[in-house]
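Residue numbers (the working numbering): 3 to 282. Glycine included, every Cβ here is placed at the ideal spot set by N, Cα and C. Everything below concerns the one structure shown next.
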Ligand SMILES: Cc1ncc(COP(=O)(O)O)c(C=O)c1O
């Protein structure tokens with residue numbers, strides 16, 4: 003049964019079951035919109051300004067005006083948060099309801115704005131690790147934008163799940179891009195590495211935090227291309243995201259990663275990440 007929590011839709015707070023949009027909404031018809039996912043630890047939004055900056059980048063990437071200032075966004079989120087829980091804000095903005103289905107941008111159409119808050123569910127494999135498979139990255143040229151058109155990501159993730167794995171690690175032209183819903187880090191010769199930011203990956207906020215933590219703790223972290231061979235021979239592989247944080251990959255394409263257990267660099271980084279979260 004659907005949980006009937008309070009959500010925000012177009013200037014109104016209402017029960018989830020009463021939140022309805024038109025079938026002519028361009029999000030529904032075309033996947034014409036963007037979204038954000040912002041973790042909240044005991045009512046405190048994690049790296050809020052970074053998430054709102056990425057939202058601004060996604061909006062300008064699809065030529066949509068930000069309907070709210072950062073202060074207004076914060077005011078919208080506040081009543082949805084519970085200070086006793088770990089949660090995440092999901093927000094979505096579409097190009098709104100046009101009078102008819104037509105590819106061209108509608109004139110004078112208000113965007114549809116939807117916000118809800120959900121509990122961060124404990125994730126199996128958080129500390130014990132997950133299996134991953136490599137899959138050819140067949141997505142488009144705008145992976146740096148957090149758009150709601152996620153069909154390729156969904157198909158890649160489901161393909162991994164069907165093979166008994168927790169994540170798909172996507173390979174584009176022989177190098178790692180990212181996970182179906184995560185960024186990828188590897189440890190090779192004591193050096194932490196992650197693919198550089200370009201239009202083939204989403205610039206993950208968790209990714210940035212990990213790079214900062216690594217630098218502050220004297221670890222070498224490179225933003226550099228990772229070949230498929232480097233991935234296959236890495237001592238450690240992690241996938242990172244706001245809701246799952248840092249997850250060790252213990253098996254890749256049916257082969258154990260090193261000894262098939264979460265590695266020491268992951269243990270150290272995970273500890274540093276938890277300490278950093280608590281310090282905020
Ligand atoms: C495709 C993709 N890459 C990377 C990430 C990680 O981004 P963040 O750390 O900001 O959650 C996500 C998050 O869901 C994602 O969907």
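Local conformation of residue i per DSSP, three classes
{"i": "residue 174", "result": "strand"}
{"i": "residue 35", "result": "strand"}
{"i": "residue 272", "result": "helix"}
{"i": "residue 102", "result": "coil"}
{"i": "residue 244", "result": "coil"}
{"i": "residue 41", "result": "strand"}
{"i": "residue 267", "result": "helix"}
{"i": "residue 278", "result": "helix"}
Residue i: first and last residue of the uninterrupted alpha helix (DSSP H) it sits in
{"i": "residue 81", "result": "No alpha helix (DSSP H) contains residue 81, which DSSP labels as neither H nor E."}
{"i": "residue 211", "result": "207-218"}
{"i": "residue 233", "result": "230-235"}
{"i": "residue 60", "result": "50-63"}
Contact under 9 Å by Cβ, residue i with residue j
{"i": "residue 146", "j": "residue 202", "result": "yes"}
{"i": "residue 233", "j": "residue 188", "result": "yes"}
{"i": "residue 116", "j": "residue 94", "result": "yes"}
{"i": "residue 45", "j": "residue 144", "result": "no"}
{"i": "residue 180", "j": "residue 204", "result": "yes"}
{"i": "residue 224", "j": "residue 193", "result": "yes"}
{"i": "residue 20", "j": "residue 96", "result": "no"}
{"i": "residue 113", "j": "residue 81", "result": "no"}
{"i": "residue 244", "j": "residue 90", "result": "yes"}
{"i": "residue 43", "j": "residue 282", "result": "yes"}
{"i": "residue 267", "j": "residue 237", "result": "yes"}
{"i": "residue 150", "j": "residue 36", "result": "yes"}
{"i": "residue 228", "j": "residue 259", "result": "no"}
{"i": "residue 56", "j": "residue 199", "result": "no"}
DSSP bridge partner residues for residue i (one or two, in chain order)
{"i": "residue 154", "result": "Beta-bridge pairing links residue 154 to no other residue."}
{"i": "residue 125", "result": "Beta-bridge pairing links residue 125 to no other residue."}
{"i": "residue 250", "result": "240"}
{"i": "residue 46", "result": "43"}
{"i": "residue 149", "result": "36"}
{"i": "residue 109", "result": "For residue 109, which the question treats as bridged, DSSP gives no partner whatsoever."}
{"i": "residue 169", "result": "134"}
Residue interval of the beta strand (DSSP E) (run including residue i)
{"i": "residue 120", "result": "114-121"}
{"i": "residue 225", "result": "223-225"}
{"i": "residue 138", "result": "132-138"}
{"i": "residue 17", "result": "14-17"}
{"i": "residue 165", "result": "Careful: residue 165 lies outside any beta strand (DSSP E) and carries neither H nor E."}
{"i": "residue 91", "result": "88-96"}
{"i": "residue 23", "result": "Note, residue 23: premise wrong, no beta strand (DSSP E); not H, not E."}
{"i": "residue 259", "result": "Neither: residue 259 is in no beta strand (DSSP E) and is coded neither H nor E."}
{"i": "residue 196", "result": "193-196"}
{"i": "residue 190", "result": "185-190"}
{"i": "residue 11", "result": "8-11"}
Residue i: CB within 8 Å of a non-hydrogen atom of ligand 2
{"i": "residue 185", "result": "This structure simply doesn't include ligand 2; it includes ligand 1 instead."}
(request) Examine the Cβ distances between the segment 170-181 and the segment 125-139 and report whether three or more of them are shorter than 8 Å. (result) These segments touch.
(request) Taking 8 Å as the threshold, find out whether the segment 43-63 comes into contact with the segment 8-19 through three or more Cβ pairs. (result) The segment 43-63 is not in contact with the segment 8-19.
(message) Is it the case that the segment 160-167 contacts the segment 215-231, given that we only count it when at least three CB pairs across the two stretches are under 8 Å?
(response) The segment 215-231 vs the segment 160-167: no contact.
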